[in-house]
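Colleague: What follows is a structure written as structure tokens; I'll ask about it next.
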Amino acid sequence: MKVKKPPAHPSGVTAPKFNKDQLPKHVAVVMDGNGRWAKNRGLPRTEGHKAGEAALIDLIYGAIEIGVKEVSAFAFSTENWKRSPEEVKFLMNFSREVLRSRRDELNTVGVKIRWIGQEKRLMKSVIDELLSAEKLTEKNKVLTLNMCVNYGGRAEISAAAAKLASDAKRGKVSLKSITEKSFAKYFEVSDVDLFLRSSGEMRTSNFLPWQSVYSELVFMDVLWPDVDRRVLWQAIEEYVRRDRRYGKA
Ligand code: FPP
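Start counting the sequence shown at 0; every next residue gets the next number (numbering that gives the first Met the number 0).
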């Protein structure tokens, strides 16, 4: 199948020219502010989540247009189970519906979908949808989309530590050989270059903590449903201006 270009933004705006070496390879997004967006309009919170779907898709198109290779989206955290049963149920069904209705168009533009998160408590129908989206798009190479559903960073680190302990117990790794680099292999998601959060909140909320220790953080003063590819490009302009030193002088 021939990979298509992503559809243009309705405004006709074109992507700024970025120097490829300066671009973030991996962008993580905390899609925050759906509830407030809906409340501002006198709508139920769930309407905010619905409006957030198009924002995510447009951000992915914008990422493809400039050559970002990986996007991690925080769709449902292990803490989100604390929301009302109605909202949890909505978010579960919604994740399933979004995957079902968007996987073909994401496939057409070469997006490889990966599910990152825990099975515990997730409905089988949601897991099935995530797995079938993964299967459909597994050979794609344009951009990897990590759909973080039922994801928690500390849980991810604990699971990685448990796997390492089990390998050590079986004699597969020696205690002396354990380093940051060898431990990093127990994680499915690579280091994040640019960490974005919408809605003006300045927290990382247990999203990719191992991978984001050297990320550039950009907090965008816009509610998630109002995000589109132009907001991503602005954040990347900010990223390009930053001086990433990784502890060096
Ligand atoms: C946080 O806003 C948002 C979420 C918990 C859900 C994010 C999901 C989407 C944007 C839909 C697209 C993704 C899928 C499922 C494929 P909030 O509810 O915390 O907003 P608030 O802080 O204003 O209350």
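Ideal placement from N, C-alpha and C gives every residue a C-beta, glycine not left out. Nothing here was measured: the structure is a model prediction, and the numbers come from that model.
For residue 94, verify whether its CB is less than 6 Å away from any heavy atom of the ligand FPP.
Modeller: Yes, the ligand FPP has a heavy atom inside 6 Å of this Cβ.
Colleague: Quick one: give me the first and last residue of the beta strand (DSSP E) that residue 194 is part of.
Modeller: 193-196 is the span of the beta strand (DSSP E), which, as asked, contains residue 194.
Colleague: Where does residue 246 land, buried or exposed, given buried means 16+ other C-beta within 10 angstroms?
Modeller: When all chains shown are included, residue 246 counts as exposed.
Colleague: Hey, would you say the C-beta of residue 30 is under 6 Å away from at least one heavy atom of the ligand FPP?
Modeller: Yes; taking the cut-off as 6 Å, the Cβ of residue 30 has a heavy atom of the ligand FPP nearer than that.
Colleague: Terminal residues of the continuous alpha helix (DSSP H) containing residue 235?
Modeller: From DSSP, the alpha helix (DSSP H) with residue 235 extends over 228-240.
Colleague: Quick check: what's the CA-CA separation for residue 36 versus residue 80?
Modeller: The straight-line gap from Cα to Cα measures roughly 21 Å.
Colleague: Looking at the structure shown, is residue 50 part of a helix, part of a strand, or coil, going by DSSP?
Modeller: Helix at residue 50.
Colleague: Entirely within the segment 9-47 and at least 3 residues each: give me those beta strand (DSSP E) ranges in chain order.
Modeller: Listed in chain order, they are 25-29.
Colleague: Hey, out of 129, 237, 145, whose CA is closest to residue 69's CA?
Modeller: Here the closest residue by C-alpha is 145.
Colleague: Whose CA, out of 230, 235, 32, lies closest to the CA of residue 202?
Modeller: Looking at the Cα atoms, 32 is the closest of the given residues.
Colleague: Three-state secondary structure (DSSP) at residue 118?
Modeller: Coil at residue 118, not helix or strand.
Colleague: In the DSSP assignment, find the unbroken beta strand (DSSP E) run with residue 142 in it and report its ends.
Modeller: Taken as a continuous stretch (DSSP letters only), the beta strand (DSSP E) holding residue 142 covers 142-150.
Colleague: Excluding the 5 residues preceding and the 5 following residue 12 in the sequence, name in chain order all residues of the same chain whose CB lies nearer than 7 Å to its CB.
Modeller: Cβ neighbours of residue 12 beyond the five flanking positions: 229.
Colleague: Should residue 58 and residue 231 be called a contact, given that it needs their Cβ atoms to be closer than 7 Å?
Modeller: It is a contact, given that the beta carbons lie within the stated cut-off.
Colleague: Applying the 10 Å Cβ sphere with the 16-neighbour rule, what's the burial state of residue 72?
Modeller: Counting Cβ neighbours within 10 Å, residue 72 comes out buried, since at least 16 surround it.
Colleague: What is the rounded straight-line gap between the Cα of residue 127 and the Cα of residue 96?
Modeller: Going by the C-alpha atoms only, they are around 12 Å apart.
Colleague: With DSSP as the reference, label residue 74 as helix, strand or coil.
Modeller: Of the three classes helix, strand and coil, the one that applies to residue 74 here is strand, per DSSP.
Colleague: Buried or exposed for residue 177, please, with buried defined as at least 16 other CB atoms from any protein chain shown within 10 angstroms of its CB.
Modeller: Per the 10 Å Cβ criterion, exposed.
Colleague: Where do the N-terminal and C-terminal ends of the alpha helix (DSSP H) with residue 182 fall, by residue?
Modeller: Here the alpha helix (DSSP H) through residue 182 covers 179-183.
Colleague: Thinking C-alpha only, which one of 100, 98, 75 is nearest residue 88?
Modeller: Comparing Cα positions, the closest option is 75.
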